[in-house]
Amino acid sequence: MKFTNDPKRIAANIRAERSRANLLQKEVADKLGLTSRTYLTYEEDASMVKMSVLIKLSDIFGCDISAFYLQ
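Residue numbering for the sequence shown follows my numbering, beginning at 1388 and increasing consecutively.
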């Protein structure tokens, strides 16, 4: 397995995991206590996503946090 630190790839992986979890962006934003716009930026460019948010996302999506870092 190869991993990446590329913010665009991480953002794409966040989007893919949300899709696998069958959740809407608004649903995830609500669970995180964020606006839909703020959450959308995480799916566009993950450079500003804090580790604490990634941990919460992994809980919401039911995936391991490493899924966000896969190449």
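From the three backbone atoms N, C-alpha and C, an ideal C-beta is built for every residue, glycine too.
What separation, rounded to the nearest whole angstrom, lies between the Cα atoms of Y1456 and L1441? The straight-line gap from Cα to Cα measures roughly 10 Å.
Please classify F1390 as buried or exposed, where buried requires at least 16 other C-beta atoms within 10 Å of its C-beta. Per the 10 Å Cβ criterion, exposed.
So what does DSSP say about L1457, is it helix, strand or coil? For L1457, the three-state secondary structure derived from DSSP is strand.
Alpha helix (DSSP H) containing D1446: first to last residue? According to the DSSP assignment, D1446 belongs to the alpha helix (DSSP H) that extends over M1438 to F1448.
Go to I1397, then tell me how far its alpha helix (DSSP H) extends in each direction, as first and last residue. That run of the alpha helix (DSSP H) goes P1394 to R1407.
Between S1453 and E1404, what straight-line distance do the alpha-carbon atoms span, to the nearest angstrom? Their backbone Cα atoms lie some 11 Å apart in a straight line.
A1447 versus N1392, K1418, K1413 and R1396, residue with shortest Cα-Cα distance: The amino acid occupying residue 1447 in the given sequence is Ile; Ala does not appear at that position. It is K1418.
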